[in-house]
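Participant:
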Amino acid sequence: MTVWDRPEPPTGPVPLDRERIVAAAVALADDGGLEAVSLRKVAARLNAGPMRLYGYIATKQELFDLMVDDVQAEILPAERPADWREALRVLALRTRQAVLRHEWLADLLGGRPALGPNGLAVTEARLAALDGLAGIDTVMRAVETVSAYTTGAIRREIANLRAERATGLSKRDWQRASGPHVTRMLATGRFPALSKAVHDGADVDAEASFTTGLDWVLDAVAAKLTRPPA
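The working numbering puts the first residue of the sequence shown at 610, with every later residue one more than the last.
(1) For A839, count neighbouring Cβ atoms within 10 angstroms of its own Cβ and tell me buried if that reaches 16, exposed if not.
(2) Within a Cβ cutoff of 6 Å, which residues of the same chain sit near L718, ignoring the five residues on either side of it in sequence?
(3) Over what stretch of residues does the alpha helix (DSSP H) that includes E753 continue unbroken?
(4) Quick check: L643 and D740, are their CB atoms within less than 9 Å of each other?
(5) Which first and last residues belong to the alpha helix (DSSP H) in which A638 is found?
(6) Could you check where the alpha helix (DSSP H) with A832 kicks off and where it finishes?
(7) Below 8 Å CB to CB, which residues in the same chain sit around L648 once its five sequence neighbours on both sides are set aside?
(8) Excluding the five sequence neighbours on either side, which residues of its own chain have a C-beta within less than 6 Å of the C-beta of W713, listed in chain order?
(9) Go ahead and pull the three-state DSSP assignment for M794.
(10) Buried or exposed: D679, going by 16 or more other Cβ atoms within 10 Å of its Cβ?
(11) Give the DSSP-derived three-state secondary structure of S647 in the structure shown.
(12) Inspect the CB distances between the region 691 to 704 and the region 733 to 747 and report whether three or more fall short of 8 Å.
(13) Cutting at 6 Å between CB atoms, please list the residues of its own chain near A645, excluding the five before and the five after it.
(14) Roughly how many angstroms lie between the CA atoms of Q706 and R750, to the nearest whole one?
(15) Looking only at C-alpha atoms, which of L795, T754, V708 and L675 sits nearest to L729?
(16) On the CB-based measure, 16 or more other CB atoms within 10 Å of its CB, does S787 come out buried or exposed?
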């Protein structure tokens, strides 16, 4: 029985429910990352005994699953755009925005499908955007491709943000600090393509990089959409 199917126990002296438990866990993760989340710490935040939480949540992984589903509610737009491309674009952009608000979510994206109600609704929205525009196998591969790009790009962005905090160096600071080494390596002539990219390539911010890559992925999806025979 999954956590979604298991009923909650009767309330005790300190009122508890999964909604309050998950809200407390999300707050802890927002402040200190996933390493700051434990059933003991969540219980302390709610002024409840740790053992009481086990009536609601059996494992830490279940708690993470509930946290992910809670935040995925932020991904769904109030209204779904009629155009398939805009629908997938909005979902990808809102996923990035949700991760920037809840950085820990980057560590839990991908892998097996999310089975909570909000996670299933996000998957439904992605598939529904392409419903009827191609065969189901093409639709599924298209959704997987957009999701893979979204997850990968977001994780790279979060990794850069964490590196800035860990080193105390901004992107510009890091580039200046590593500049002499890069200059020496490029001067060897062993990396002509990289040298061209460093000297001639435009420097764009994370949002512009994300949206440009997303549009290119959607262009590739568009090339594969052919309506199935009636």
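For every residue, glycine included, the Cβ atom is placed at its ideal position computed from N, Cα and C.
Facilitator: The relevant details are as follows:
(1) Any answer about A839 is weak, because its pLDDT of 48 lies below 50 and its placement is not dependable; what the coordinates show is given next. So A839 ends up on the exposed side.
(2) Excluding positions up to five away in sequence, the list reads T760.
(3) Following the DSSP letters along the chain, one finds E753 inside the alpha helix (DSSP H) bounded by residues I745 to T776.
(4) No; because the gap between Cβ atoms is not below 9 Å, this pair is not in contact.
(5) Looking at the DSSP string, the run of the alpha helix (DSSP H) that includes A638 is R627 to G641.
(6) Where A832 is concerned, the enclosing alpha helix (DSSP H) stretches over A815 to K833.
(7) Contacts found: P659, L662, Y663, I666, K669 and L672.
(8) Taken in chain order, the residues that qualify are A638, G642 and L643.
(9) Helix, per DSSP.
(10) With 16 or more other Cβ atoms within 10 Å, it is buried.
(11) Here S647 sits in coil by DSSP.
(12) Yes: at least three Cβ pairs fall under 8 Å.
(13) Spatial neighbours of A645 in its own chain (CB-CB distance under 6 Å, excluding positions within 5 residues in sequence) are listed in chain order as L637.
(14) Going by the C-alpha atoms only, they are around 24 Å apart.
(15) Nearest of L795, T754, V708 and L675 to L729, Cα basis: L675.
(16) With a 10 Å radius around the Cβ and a threshold of 16 neighbouring Cβ atoms, S787 comes out exposed.
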